[in-house]
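In terms of my numbering, the sequence shown opens at residue 112 and continues consecutively.
What follows is one structure encoded as structure tokens, with my remarks underneath.
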Amino acid sequence: MKKLLYITDQNEYSEHGSIGPIFNKYLSEYLDIEIVFFTKYKSDFQKNGSTYIIPEFEKRDILGYLEKNGVNIASFEYIFVRNMEYVLKDILLEKPSYNYKVGYRISFPKRLEHYEHLKAEQKSSILDSIDLKIKQYNKKRIINKCDLFLPTTKEMQDEFYDNVTIKSFPIPPGIDPEEIRRKESREDDEVRFIYAGTVDELRKFEVMLKAFSMVSSKNWKLLISTFNPATAEKLVDKYPDIKENIEIDKAKNKKDLYRQISQCDIGVSLLPSNNLYNTATPAKIMDYYTCGVPVVMTNNSKNSSIFSDNENAWFSQFDESQIAEKLEDIISTSKEKIEEMGVKGQHKLLDVRNYKKLAKHLFETLESL
112 MKKLLYITDQ NEYSEHGSIG PIFNKYLSEY LDIEIVFFTK YKSDFQKNGS
162 TYIIPEFEKR DILGYLEKNG VNIASFEYIF VRNMEYVLKD ILLEKPSYNY
212 KVGYRISFPK RLEHYEHLKA EQKSSILDSI DLKIKQYNKK RIINKCDLFL
262 PTTKEMQDEF YDNVTIKSFP IPPGIDPEEI RRKESREDDE VRFIYAGTVD
312 ELRKFEVMLK AFSMVSSKNW KLLISTFNPA TAEKLVDKYP DIKENIEIDK
362 AKNKKDLYRQ ISQCDIGVSL LPSNNLYNTA TPAKIMDYYT CGVPVVMTNN
412 SKNSSIFSDN ENAWFSQFDE SQIAEKLEDI ISTSKEKIEE MGVKGQHKLL
462 DVRNYKKLAK HLFETLESL
């Protein structure tokens, strides 16, 4: 088998998106995959099967460090780098010596997200905008030296990396067919919503809370599962009329998150309309449907290219009145209809966002380089 080295930007205990199901599971049916993770807490090289754990301070010379610890870099036909631009530069510099193909994976345009955060907090300036444009231009030049570009979606590439001219293979959020499950059944008639994700100014989370406060029915509960519960608590405190309907929790890991989702009826993925959020379907939507839970989501072209309103999802504009109206409709929907929509959404994603299928197509693309 040919070999692929995937240098992630993740720590050793991460459970991030596509790394496990695509690279560590399904792509390994076609290639020998070895994956690099990092650690802040250890100073020694570690090998666990096909996984390498490297101290963070060795990032500046990863290939040299791996070779020093017995890894034969010349044995790899492909080397992928995830997000770390300075690491990519080193990999490209060493490419003529080893003759491997280079792939660059961008999971999310973090510089652009940071800039959007500054704008949302009214802290951005003309200099920030100029700096962003210069860095984006330089980044595109570096990407074009690779053999394969792996953005999250084609739409994200068109919007943020339009001058990238090399072959691309989008890796969007998807679902692992081996993780599919059915949601738990309950006897009560209460409608339980779950919002899983970050609570911050950029996502304008308070719009959703305002919408829930406008709902006339009180036959609902909302679970907020977030890594920043303190921020969520401060926002919820501003809405005492619905505070009793809201629970805030923090999932310990993916398994715990799936447990939380499976105990609810409706997933919530409502985000502001901007170029960051309109060019990719959020990963949380995949988590919801993995558990058979249908989603109320932002009405944009990306989401509507996959889902159908009132068939396997609900769409709403990011407006508190329209969200409230949609929530009222959902609360009045029968449990049978809700469960049916969740199953339909699962089937749709197994067709168009299946990690096993995606891995096969990625292998075929690598073979064509």
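We put the CB at the ideal spot given by N, CA and C, even for glycine.
All figures in this text were calculated on a predicted structure; none of them were measured in a lab.
Check your understanding: Under three-state DSSP, which class holds Met408?
Key -> Strand.
Check your understanding: DSSP puts Glu358 in a beta bridge; with which residues?
Key -> DSSP lists Leu334 as partners of Glu358.
Review point. Leaving out five residues before and five after Tyr400 in sequence, what residues of the same chain have Cβ atoms less than 6 Å from its Cβ?
Key: Gly456, Gln457, Leu460.
Check your understanding: For Glu123, which residues of its own chain have a beta-carbon under 6 Å away from its beta-carbon, when the five flanking residues on both sides are left out?
Key -> Closer than 6 Å at Cβ, skipping near neighbours: Phe148, Thr150, Ile164.
Check your understanding: Can you give the beta carbon distance from Ser443 to Asn411, rounded, assuming they're within the 8 Å contact cut?
Key -> Ser443 to Asn411, Cβ: 25 Å. No contact.
Check your understanding: Taking only runs of the alpha helix (DSSP H) that begin and end inside the segment 293-328, which ones reach a length of at least 4 residues, in chain order?
Key -> Within the segment 293-328, the alpha helix (DSSP H) runs of at least 4 residues that lie entirely inside it are, in chain order, 316-324.
**Study point:** Selection from Val347, Val454, Ala435, Gln433 that minimises the alpha carbon distance to Ala424
**Key:** Measuring from the Cα of Ala424, the nearest candidate turns out to be Val454.
**Study point:** Phe187 (DSSP reduced to helix, strand or coil)
**Key:** Residue state, collapsed to three classes: coil.
Point to revise | Own chain residues within Cβ distance below 6 Å of Tyr388, not counting five before or after | key: Taking C-beta separations shorter than 6 Å and ignoring five residues to either side along the sequence, the partners of Tyr388 in its chain run Leu382, following chain order.
Check your understanding: Among Gly160, Ala343, Thr390, which one has its Cα closest to the Cα of Tyr272?
Key -> Ranking Gly160, Ala343, Thr390 by Cα distance to Tyr272 puts Thr390 first.
Exercise for review: May I ask you to verify whether the segment 335-343 touches the segment 299-310, counting CB pairs closer than 8 Å and requiring at least 3?
Suggested key: They touch, by the three-pair rule.
Point to revise | Length-filtered (4 minimum) alpha helix (DSSP H) runs lying within the segment 127-215 | key: As far as the segment 127-215 is concerned, its whole alpha helix (DSSP H) runs of at least 4 residues are 173-179, 196-209.
Review point. Alpha carbon to alpha carbon, what distance is there between Asp367 and Ala470?
Key: Just so you know, the alpha carbons of Ala470 and Asp367 end up roughly 26 Å apart.
Review point. For the candidate residues Lys136, Leu116, Leu138, whose alpha-carbon lies nearest to that of Glu178?
Key: Considering only alpha carbons, the answer is Leu116.
Point to revise | Pairwise C-alpha distance: Leu199 and Val463 | key: Going by the C-alpha atoms only, they are around 30 Å apart.
Exercise for review: Take Arg293 and list the residues in its own chain whose beta-carbon comes closer than 6 Å to its own, dropping the five residues that flank it on each side.
Suggested key: Cβ neighbours of Arg293 within its own chain (closer than 6 Å, five residues either side excluded): Gly403.
Point to revise | Euclidean distance between Cα positions of Thr476 and Phe280 | key: Distance between the alpha carbons of Thr476 and Phe280: 8 Å.
Review point. What are the partner residues of Tyr117, as DSSP defines its beta bridges?
Key: Tyr117 pairs with Ile146, Phe191.
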